[in-house]
Amino acid sequence: MWRIVGRLEAGQSQVQICREFNLTPSVVCNLWKQFQDTGSIERKPGQGRARATTATEDRYLSIIARRNRGATASQLSRDLYAATGTRVSRVTVSKRFHETGLFARRPAVCVPLTSTNRRVRLAWCREHRDWSMDQWATVLFTDESLFSLNTDSRCTFIWREPGTRYLPSNVREIDHYGGGGLMVWAGIMLDGRTPLHVFERGTVTGVRYRDEILEPYVRLFRGAVGTEFILMDDNRRPHRALLADEFLESEDIRRMDWPAIYPDLNPIEHVWGALGRAFATRNPPSRTIQEMKTALLNEWDQLPHRK
1 MWRIVGRLEA GQSQVQICRE FNLTPSVVCN LWKQFQDTGS IERKPGQGRA RATTATEDRY
61 LSIIARRNRG ATASQLSRDL YAATGTRVSR VTVSKRFHET GLFARRPAVC VPLTSTNRRV
121 RLAWCREHRD WSMDQWATVL FTDESLFSLN TDSRCTFIWR EPGTRYLPSN VREIDHYGGG
181 GLMVWAGIML DGRTPLHVFE RGTVTGVRYR DEILEPYVRL FRGAVGTEFI LMDDNRRPHR
241 ALLADEFLES EDIRRMDWPA IYPDLNPIEH VWGALGRAFA TRNPPSRTIQ EMKTALLNEW
301 DQLPHRK
């Protein structure tokens, strides 16, 4: 609480402090009034309900939260009970963290990159940074994505201090190609998008990529855009199969250079995120693969073309 008083004395507004520390205006106002009237923020003896945790227990909570930033308040409450015998609610745990400047926030995510990956990525960005809107308008950005009936749609949070979002300890690496479920494919352009294609059972091979994607979708977009059309697909094995290369060459379809491990640079990732959120919030949720397929197709059709 002394941190709050210090910021108020430094001229920070009560509104800003309420937002930063997740406190109600009345709490901040009363704290400031008490300090101005008495010069202290300590409770008088016998005033108010006894604090549920000791200063030592508060420090213990802060330490284990920083060691395991992804732990929930309920988990940390159980850890405290196991270590000290003190039982407190998850709300109390959250309050103790707020007092020390820890807040539950979504972690920043990144794709694991080597130094070579970073160097090549930077070179690619520099090569394309001066492209005009007309040039980008000729590119069809495509990608596959996996959806599962068992996907955990709950938001993942970590405990961190304000202003520390991109510290290494607060960043989570993700693998866009991991897991299992229903595989879908789609493509987006500046002024349009393809239908959502759902791969039925089985592995996506070079033959399936050619027959189910390149032939019915990409070829038609190439015909509509003309010779300036550019296909962006990543370096997955089916995409780089010899028969896929031969098909693109026969249809005079150019490919954009796309080095490995670049999924987060593909703008369609934002579309997958929107589709995933829409699918996760459906009520009632899908219970079968067929219901899931129908739901994904319906949600795809309802996504706005521009946002």
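For the sequence shown, the UniProt record's numbering assigns the number 1 to the initial residue and increments by one for each residue that follows. Don't be surprised by glycine CBs; every beta carbon is placed ideally from N, CA and C. These numbers come from a predicted model, not from an experiment.
Cα-Cα separation between residue i and residue j, rounded to whole angstroms
i                 : j             : result
leucine 303       : glutamate 228 : 27 Å
proline 259       : aspartate 252 : 21 Å
leucine 146       : valine 198    : 10 Å
phenylalanine 103 : leucine 113   : 28 Å
glutamate 20      : proline 162   : 8 Å
aspartate 233     : arginine 66   : 40 Å
glycine 187       : cysteine 125  : 21 Å
asparagine 30     : aspartate 58  : 23 Å
alanine 280       : glutamate 200 : 21 Å
arginine 255      : glycine 276   : 28 Å
phenylalanine 157 : serine 250    : 49 Å
Counted within 10 angstroms of its Cβ, other Cβ atoms place residue i as buried (16 or more) or exposed
i              : result
valine 91      : exposed
leucine 296    : buried
arginine 210   : buried
histidine 305  : exposed
threonine 288  : exposed
asparagine 266 : buried
isoleucine 63  : exposed
arginine 222   : buried
leucine 214    : buried
Other residues of its chain near residue i: CB distance less than 7 Å, five sequence neighbours each side excluded
i         : result
valine 93 : Leu61, Ala73, Leu76 and Ser77
Residues near residue i by beta carbon distance below 8 Å, same chain, minus five either side
i             : result
alanine 278   : Glu299, Gln302 and Leu303
leucine 167   : Arg160
isoleucine 17 : Ile4, Arg7, Leu8, Leu23 and Val28
glutamine 12  : none
C-beta atoms of residue i and residue j nearer than 7 Å
i              : j                 : result
leucine 243    : glycine 202       : no
isoleucine 268 : phenylalanine 141 : yes
glutamine 14   : valine 27         : no
threonine 100  : valine 225        : no
alanine 108    : arginine 165      : yes
Nearest-angstrom Cβ-Cβ length linking residue i and residue j, presumed shorter than 8 Å
i           : j            : result
arginine 87 : threonine 53 : Going by Cβ atoms, the distance from arginine 87 to threonine 53 rounds to 10 Å, so no, they are not a contact pair.
leucine 196 : valine 184   : 6 Å
Contacts around residue i, its chain only, beta-carbon distance under 6 Å, and the 5 residues preceding and following it disregarded
i              : result
methionine 189 : Leu140
Residue i CB to nearest heavy atom of the ligand SAM below 6 Å
i           : result
arginine 96 : For the ligand SAM, the structure offers nothing, since it holds no ligand at all.
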